[in-house]
Amino acid sequence: MSQVTSRNFNLESVDIYSQDTLQSLQEERFASGLDYYICVINENDYEFLFDASNFFEQCIRDHKIISNPLSNREVSDLQVFVASQSHPEFKLALTQEELIKHPNHLPIYWNDPSFPLAERLQFMVNYARHYRPLDPDKAIPIYEIAAEEGSLPACLDLVMHYMKIKDRENSIKYLKACIEHVDISPQNLRICAKKFIQLEEKEFAFKAYSLAAHKGDSDSIRAIIQLLESGMIAETGQDTLACWKSKLPKE
């Protein structure tokens with residue numbers, strides 16, 4: 260199997276699944292700020308080109324390549340190349356052996372805008388969670404991209420990572436990002452509040468508990484009362500001890 264590491268291809272070829280040219284699919288990806296992946300099958304000195312996302316969905320079952328869809332022959336020489344707007348020359352991304360190992364295909368999927376954003380972000384988180392214990396340098400940049408795009412699970416995982424390595428600045432950064440998510444659960448807000456207290460960021464701890472309390476979480480109301488009674492947080496405006504005690508459910 261040849262191991263050419265960079266290539267240029269004729270992208271006027273039509274992808275058999277979408278019936279779009281590879282060039283138009285690449286332009287679509289680049290316009291969305293995404294990378295573009297293509298699969299290249301070498302067979303009898305001829306190259307078959309496929310959009311990688313479509314190829315993976317249609318031609319890989321149980322981590323095995325079923326056949327070349329254009330010749331129906333067994334695939335023995337396949338490579339995946341990737342290009343980006345900043346680096347338009349295609350670079351070798353995956354060999355055939357690497358491609359069929361989970362979760363190496365996930366970058367192909369999260370660079371496909373036909374998938375809903377929520378699914379694409381989950382692909383990134385799944386990939387990062389796989390590699391975090393094995394290769395943090397590979398996982399953390401993917402987490403950070405997903406977090407920037409609005410993934411709450413990515414933010415929560417980054418908090419755990421940065422707290423573990425005692426990186427205060429990034430711990431606070433992603434804790435703040437977590438509590439800004441409207442769909443964060445009261446339980447996760449309480450976790451964030453406790454992390455803020457560990458970092459001596461009491462005002463943000465109070466904010467996290469308050470957000471959980473406004474979602475009806477009585478445990479957070481009790482935590483706020485404890486903060487006020489201990490003097491860790493000063494009473495201000497409507498945030499009085501009496502006010503918060505009045506919010507406790509009647510027993």
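Sequential numbering from 260 applies to the sequence shown in my numbering. Cβ atoms here follow ideal geometry from the backbone N, Cα and C, with glycine treated the same way. Please read all numbers here as calculations on a predicted model, not as lab measurements.
- Residue 431: member of the alpha helix (DSSP H) spanning 427–438, first to last residue.
- Between residue 413 and residue 402, the C-beta spacing is below 7 Å.
- Counting every other CB atom within 10 Å of its CB across the protein chains shown gives residue 332 a total below 16, marking it as exposed.
- The three-state reading of DSSP puts residue 308 in strand, counting E and B together.
- Shown here for residue 415: same chain residues with a beta carbon closer than 7 Å to its own, the five before and five after excluded, namely 437 and 447 in chain order.
- For residue 330, the secondary structure class from DSSP, reduced to helix, strand or coil, is coil.
- The three-state reading of DSSP puts residue 453 in helix, counting H, G and I together.
- Going by C-alpha positions, residue 267 is about 30 Å away from residue 390.
- Between the C-alpha atoms of residue 350 and residue 380 there is a straight-line separation of about 24 Å.
- Residue burial annotation: residue 502 is exposed, with fewer than 16 other C-beta atoms found within 10 angstroms of its C-beta.
- Across the structure, residue 430 and residue 405 are spaced so that their CA atoms are roughly 16 Å apart.
- Listed as beta-bridge partners of residue 298 by DSSP are 309 and 339.
- Secondary structure at residue 319: strand, using DSSP grouped into helix, strand and coil.
- Residue environment for residue 364: buried (at least 16 other C-beta atoms within 10 angstroms of its C-beta).
- Of the residues assessed, residue 371 falls on the buried side of the cut-off, its CB having 16 or more other CB atoms within 10 angstroms.
- Setting aside the 5 residues that flank it on each side, residue 508 is surrounded in the same chain by 477, each with a C-beta closer than 6 Å to its C-beta; the list follows chain order.
- Fully enclosed alpha helix (DSSP H) runs of no fewer than 4 residues occupy 355–358, 365–369, 376–390 and 395–407 of the segment 348–412, in order along the chain.
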